[in-house]
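Student: I have a structure here, written as structure tokens, and I will follow up with some questions on it.
Number of protein chains: 2
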Amino acid sequence: MILVTNDDGIVAPGIKALIEVASKFGEVLVVAPDAPQSGQGHAITITKPLKLRKVDLYDGVTSYECSGTPVDCVKLAKNVLLKGQTIDLCVSGINHGSNASINILYSGTMSAAMEASLEGIDSIGFSLLDYAFDADFTHAKVIASQMIEHLLKNKLQHCKLLNVNIPKGPDIRGIKVCRQAKGHWIEEFQEGLDPRGEKYYWLTGRFQNNDDGEDTDIFALSQNYVSVVPSGFDLTAYDAILPLKQLENLS
Amino acid sequence: MILVTNDDGIVAPGIKALIEVASKFGEVLVVAPDAPQSGQGHAITITKPLKLRKVDLYDGVTSYECSGTPVDCVKLAKNVLLKGQTIDLCVSGINHGSNASINILYSGTMSAAMEASLEGIDSIGFSLLDYAFDADFTHAKVIASQMIEHLLKNKLQHCKLLNVNIPKGPDIRGIKVCRQAKGHWIEEFQEGLDPRGEKYYWLTGRFQNNDDGEDTDIFALSQNYVSVVPSGFDLTAYDAILPLKQLENLS
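If you want it as structure tokens, here you go:
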């Protein structure tokens with residue numbers, strides 16, 4: 003069983019492309035948000051109930067839209083719809099836009115895949131470096147197909163999650179296995195007045211790479227390679243443990 | 003300048019306790035959600051505008067409530083309210099409930115602190131292992147005070163974020179600097195029918211520790227120690243890079 007989800011919502015062209023690819027390799031279940039959920043990160047819904055509705059969007063593929071976040075979709079798929087069944091692979095995306103570098107933290111697409119990986123399920127988040135609704139997913143589908151086929155034959159050993167970003171193309175030079183680049187967002191808030199005259203702030207900004215390493219996802223993408231970052235969920239800064247032992251003397 | 007935020011909302015007793023502590027050490031700005039935002043993870047608001055409203059809740063402390071997520075609060079504080087000013091420290095919490103182990107991923111409290119750390123600001127997320135609204139923050143305030151004082155005197159060197167969890171007490175044995183324990187949530191969805199007869203699913207569950215290490219946050223807390231996990235934002239699974247180089251031959 004292959005679980006497919008995303009954060010752009012169940013009608014996004016990117017998930018349609020991913021469903022087409024995944025369906026070649028076995029039975030597929032789609033559980034995806036009923037509305038766009040970009041930037042939802044690892045959010046879960048705890049203070050209100052969730053709805054799941056079966057939809058008939060993709061021929062021969064059982065599909066549900068969910069009122070919650072991308073991570074909620076994975077939790078509902080695993081614990082309700084596929085309870086007791088083995089999920090061989092979870093694929094999330096294909097996201098409209100990059101999830102390289104620290105964008106893995108903000109991305110609903112990557113958080114959904116990470117949630118599955120937390121449960122020991124091999125997972126891949128796919129992103130295409132094109133935000134357009136009518137982006138061309140042709141070459142992204144070829145990459146996704148190769149990756150899915152490989153992972154179904156060769157289980158992931160040293161981690162359970164791959165963050166795969168695909169250049170806009172068309173002339174892609176190959177695949178690079180990389181580390182997450184150091185970077186951050188330079189934010190500006192667009193300020194304005196709402197119809198009632200109350201001030202509002204609307205988030206906008208641009209990503210800045212702060213990493214001159216040639217082994218990063220951002221560098222690979224800049225060279226027109228597909229970036230693959232093996233990813234985990236342990237945020238411990240191990241190098242800092244020993245130097246910070248002095249804190250144990252505070253009390 | 004010390005920035006204070008949380009995810010339980012600007013009126014939660016936990017943030018009141020933290021404001022009282024932080025105010026002893028210098029000028030404080032509070033920017034916190036106008037409603038509870040537990041489980042929001044690293045969510046940001048991109049598809050709608052945000053509101054900031056000045057509130058008069060804490061004597062002598064400039065405070066704003068924000069319509070967005072905890073991470074939005076930090077972004078607005080840094081880029082709008084404190085634009086161009088130095089933030090010496092960001093403290094988030096005191097959360098009502100544990101954020102140990104993988105709960106750092108789901109926690110709005112920790113994600114707010116992580117967002118500040120991404121900007122190079124020394125940051126601490128504080129959590130008390132007591133979900134009750136009327137939890138006793140007396141000993142948590144003592145710990146928070148010691149940590150804040152220490153970090154204002156000694157900038158963090160090897161990481162920019164501390165995940166501090168405090169046992170319910172009262173007999174706390176000391177502080178342990180630890181790594182994040184491996185664990186996951188065993189979920190169950192409570193199913194029911196809404197007033198219109200439509201099925202709903204409501205997330206519930208219990209945390210399970212899968213880590214028998216004695217150097218973890220979960221172990222320290224079980225022994226009645228405060229746990230301090232130095233944390234980063236690089237999710238790369240470095241051990242997996244070399245074994246996965248074979249993926250570069252796919253294309």
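Residue numbers (my numbering), protein chains in the order written: chain E, 3 to 253; chain Y, 3 to 253. Heads up, the beta-carbon is just placed ideally off N, CA and C, and yes, glycines get one too.
(1) Look up Y:Leu31 in the DSSP assignment and say whether it is helix, strand or coil.
(2) Between Y:Gly43 and the rest of its own chain, which residues show a CB-CB distance below 8 Å, the 5 nearest in sequence each way excluded?
(3) Taking only beta-carbon positions, decide if E:Gln182 is within less than 9 Å of chain Y.
(4) Please report the distance separating the alpha-carbon of E:Glu200 from that of Y:Leu52.
(5) Could you tell me which uninterrupted beta strand (DSSP E) segments, each at least 3 residues in length, are contained entirely in the region 176-252 of chain Y, listed from first to last along the chain?
(6) Which whole-angstrom value is the C-beta distance of Y:Leu120 and E:His186, which I expect to be below 8 Å?
(7) Shortest alpha-carbon distance to E:Ile168 belongs to which of E:Glu29, E:Lys143 and E:Asp217?
(8) Between E:Ile145 and the rest of its own chain, which residues show a CB-CB distance below 6 Å, the 5 nearest in sequence each way excluded?
(9) For Y:His160, decide whether its Cβ has a neighbour in chain E, counting only Cβ atoms nearer than 9 Å.
(10) Could you work out which residues of chain Y lie near E:Asp236, taking near to mean beta carbons separated by less than 7 Å?
(11) Counting only C-beta atoms, is E:Thr71 closer than 9 Å to chain Y at any point?
(12) Note down the Cα distance separating E:Gly194 from Y:Leu244, rounded to an integer number of angstroms.
(13) Measuring only between beta-carbons, confirm whether Y:Val93 sits less than 9 Å from chain E.
(14) What would DSSP say about Y:Ser100, mapped onto helix, strand or coil?
(15) CA-CA distance, E:Lys80 and Y:Ile188?
(16) Under DSSP, the alpha helix (DSSP H) around Y:Gly16 begins and ends at which residues?
(17) Indicate whether the contact test is met: 3 or more Cβ pairs, each with one atom in the region 20-27 of chain Y and one in the region 58-68 of chain Y, closer than 8 Å.
(18) What residues in the region 202-219 of chain E bring their beta carbon closer than 7 Å to a beta carbon of chain A?
(19) Please classify Y:Ile168: does DSSP put it in a helix, a strand, or coil?
(20) Go to Y:Glu67, then tell me how far its beta strand (DSSP E) extends in each direction, as first and last residue.
(21) Give a yes or no on whether 9 Å exceeds the smallest Cβ distance from Y:Gln42 to chain E.
(22) Let me make sure I understand the geometry here. Which of Y:Pro72, Y:Phe139 and Y:Thr238 has the alpha-carbon closest to that of E:Gln1?
(23) Could one say the Cβ of E:Phe27 lies closer than 9 Å to chain Y's Cβ atoms, at least one of them?
(24) Look at the Cβ atom of E:Ser40, then the Cβ atom of Y:Ile48, and state whether they are nearer than 9 Å.
(25) Residues in the same chain with beta-carbon distance under 7 Å from Y:Leu154, minus the five sequence neighbours each way, listed in chain order, please.
(26) Between which two residues does the alpha helix (DSSP H) containing Y:Ser147 stretch?
Tutor: Working from what's here:
(1) strand
(2) Leu107, Tyr108, Ser109, Gly110 and Ser113
(3) Interface residue, yes.
(4) 11 Å
(5) 176-179, 185-195, 201-211 and 227-233
(6) With a Cβ gap of about 5 Å, Y:Leu120 and E:His186 count as contacting.
(7) E:Lys143
(8) Ile168 and Val228
(9) yes
(10) Gln182
(11) The beta carbon of E:Thr71 falls within 9 Å of a beta carbon belonging to chain Y, placing the residue at that interface.
(12) 50 Å
(13) Under the Cβ criterion of 9 Å, Y:Val93 is not counted among the residues facing chain E.
(14) coil
(15) 11 Å
(16) Pro15 to Ala24
(17) Enough Cβ pairs lie closer than 8 Å, so yes.
(18) No chain A appears in this structure, whose protein chains are E and Y.
(19) In the structure shown, Y:Ile168 falls within a strand segment according to DSSP collapsed to helix, strand and coil.
(20) Thr64 to Cys68
(21) yes
(22) Because residue 1 of chain E is not part of the residues shown, which for chain E are 3 to 253, the question remains open.
(23) Interface criterion not met: the Cβ of E:Phe27 is under 9 Å from no Cβ in chain Y.
(24) yes
(25) Phe27, Asp90 and Leu91
(26) Thr140 to Lys155
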